[in-house]
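So the structure is just underneath, and the comments pick up after that.
In this note's numbering, the protein residues as written are 3 to 97.
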């Protein structure tokens, strides 16, 4: 990786930019993961941040957690028919 510099007064400042990424939403589980690695896995947090991989990591955690939640809720609805009816009533009230 070649770094270029710009002279500002007496100083040479590196021309650093962050790559543009597709904007995707990080959900609750992504933010919970962020809080966990910030407070308990500082090395991992710093590494992901410096390699510009933190957002991708949080997005993958968000997607995986959402998929697991959908699978578990589907299984729970099948095992408990009353829950399906309650969900339908709630959707009708909110919709």
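Cβ atoms here follow ideal geometry from the backbone N, Cα and C, with glycine treated the same way.
{"query": "Taking the alpha-carbon positions, what's the residue 16 to residue 10 distance?", "result": "10 Å"}
{"query": "Please state if the CB of residue 36 and the CB of residue 60 are separated by a distance shorter than 8 Å.", "result": "yes"}
{"query": "Going by the DSSP bridge assignment, what does residue 16 pair with across the sheet?", "result": "7"}
{"query": "Unbroken alpha helix (DSSP H) runs of length 4 or more, entirely within the region 44-72: which are they?", "result": "44-52"}
{"query": "Output the distance between the C-alpha atoms of residue 6 and residue 14, rounded to the nearest integer angstrom.", "result": "9 Å"}
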